[in-house]
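Engineer:
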């Protein structure tokens, strides 16, 4: 049995969901998102589940466990996490929910895409009374991380550290592999190291992740960012996709597994489409254009900006057919934006899932309707 999402598995899942979701809810990767019959490609839901927020309590753990089950039953097979989310509790809760679905025979492992991230030094279960002492005892004294490789007291991408973190994540999930492993907020490194040192660190991290893909513990890898791809080229934290891609080719050849991006995108954060931050084929283009050129699996975070934009949606959004709440309409906007495979929306309760999964029952906006919603 496959321990990663597979073309056969994701199509099996899509077929089971056919009566629950719109016919064009699922998208294809790699290749054209609309090429439903392309061989050797995954079929992924156009809405994904996020797991960043919430208290570090057993009750919240149970809610996340139940929410991921509700999401998968509702037609969402893209699930995102990070080892530091809720101090490792989100990975554990999602893992418990996923394993229960598998054990009960409701799904097979190869039907869902599981993504997580490493880079930040996480606590375990809750914030300790002595954070510095915890980090020293847990990571520095055992030699898991070298203080000289840690940026801002909290961020490390050294291979030995990433090996520890991937192992922890797999243990937290109770899975043999994750489909996508992101370096979390990679631009954090540029706070303290030169561009030259940054390239060396990224090359070493990519080489390590290629080795894990060879072992089958990850499917592909990528970078999950906050500012890196949204800022102009003259900003210190700017990330260049072409340069990262070249580093991946250097260590992994043309068949390298650097294939995924995550970045923020919502009505209040539109830089992914209107800031020409990337140089591609002699032109400056926004990151969503560059990502398509390089064939990246592209998912976006904070489509609702944690609720902050819901009271400020354009009046034109009210015309979105079949959707009744501001959250649904904001999610439909992100889902319908060209170049995005799936926006990731936080769902920590069954009620959140039920509201957000309503979007899966209607088609994404076509280009004309999308422009109309934007007031164009």
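Numbering (this note's numbering), first residue to last: 2 to 377.
Cβ atoms here follow ideal geometry from the backbone N, Cα and C, with glycine treated the same way.
#1: Mind reading off the beta-carbon distance from residue 113 to residue 6? Whole number of angstroms is fine, and I expect it under 8 Å.
#2: I want to know whether the stretch 300–320 touches the stretch 331–340 - three or more CB-CB distances under 8 Å.
#3: Note down, one range per segment and in chain order, each beta strand (DSSP E) of at least 3 residues found wholly within the stretch 156–202.
#4: Which residue comes first and which comes last in the beta strand (DSSP E) that contains residue 302?
#5: Where DSSP assigns a beta bridge to residue 46, which residues make up the other side?
#6: Quick one: grab the DSSP three-state call for residue 210.
#7: Give a yes or no on whether the C-beta atoms belonging to residue 374 and residue 334 are separated by under 8 Å.
#8: Looking at the strands, I want to know which residues DSSP matches up with residue 117.
#9: In chain order, what residues of the same chain lie with their CB nearer than 8 Å to the CB of residue 89, ignoring the 5 residues before and after it?
#10: Buried or exposed: where does residue 143 fall if 16 or more other Cβ atoms within 10 Å of its Cβ makes it buried?
#11: Taking 8 Å as the cut-off, decide whether the C-beta atoms of residue 120 and residue 186 are in contact.
#12: Report the CB separation of residue 75 from residue 328 in whole angstroms; it is logged as a contact under 8 Å.
#13: Taking contact to mean at least 3 C-beta pairs separated by less than 8 Å, is the stretch 196–210 in contact with the stretch 305–317?
#14: State buried or exposed for residue 1, treating a residue as buried only when at least 16 other CB atoms are found within 10 Å of its CB.
#15: Have a look at 251, 225 and 32 and flag the residue whose alpha-carbon is nearest the alpha-carbon of residue 296.
#16: Note the first and the last residue of the continuous alpha helix (DSSP H) segment covering residue 285.
#17: By the 10 Å Cβ neighbour count, where 16 or more other Cβ atoms means buried, how is residue 231 classified, buried or exposed?
#18: Can you name the residues that DSSP bridges to residue 270?
Structural biologist: On the basis of the data shown:
#1: The sequence position of residue 113 within the chain shown is 112, counting from 1. The sequence position of residue 6 within the chain shown is 5, counting from 1. Indeed, because the Cβ distance is near 6 Å, the residues count as touching under 8 Å.
#2: yes
#3: Whole beta strand (DSSP E) segments, 3+ residues: 179–185.
#4: For the purposes of this step, residue 302 is identified with residue 301 of the chain shown, where counting begins at 1. For residue 302, the enclosing beta strand (DSSP E) begins and ends at 298–302.
#5: By 1-based counting over the chain shown, the position of residue 46 is 45. Looking at the DSSP assignment, residue 46 forms a beta bridge with 27.
#6: Position 209 of the chain shown, counted from the start, is the residue given in the question as residue 210. Helix, per DSSP.
#7: Working through the chain shown from its first residue, we reach residue 374 at position 373. Working through the chain shown from its first residue, we reach residue 334 at position 333. Taking 8 Å as the Cβ cut-off, residue 374 and residue 334 qualify as a contacting pair.
#8: In the chain shown, residue 117 corresponds to position 116, counting from 1. For residue 117, which the question treats as bridged, DSSP gives the partners 182.
#9: The residue labelled residue 89 in the question sits at position 88 within the chain shown. So the qualifying residues of the chain are 123, 124, 125, 126, 169 and 173.
#10: Your numbering for residue 143 matches position 142 in the chain shown. Answer is exposed; the Cβ neighbour count stays below 16.
#11: As a working note, residue 120 is residue 119 in the chain shown. As a working note, residue 186 is residue 185 in the chain shown. For the pair residue 120 and residue 186, the CB atoms are nearer than the 8 Å cut-off.
#12: Locating residue 75 in the chain shown gives position 74, where the first residue counts as 1. Locating residue 328 in the chain shown gives position 327, where the first residue counts as 1. The pair is not a contact, with the Cβ atoms about 15 Å apart (cut-off 8 Å).
#13: no
#14: Nothing can be reported for residue 1, as the shown portion of the chain is limited to 2 through 377.
#15: The residue given as residue 296 occupies position 295 in the chain shown. The shortest Cα separation from residue 296 among 251, 225 and 32 belongs to 32.
#16: Residue numbering aside, residue 285 sits at position 284 when the chain shown is read from its first letter. First-last for residue 285: 284–286, but that is the beta strand (DSSP E), not the alpha helix (DSSP H).
#17: By one-based count along the chain shown, residue 231 stands at place 230. Counting Cβ neighbours within 10 Å, residue 231 comes out buried, since at least 16 surround it.
#18: As a first step, residue 270 is located in the chain shown; it is residue number 269 there, counting from the start. Answer by DSSP bridge pairing, in chain order: 267.
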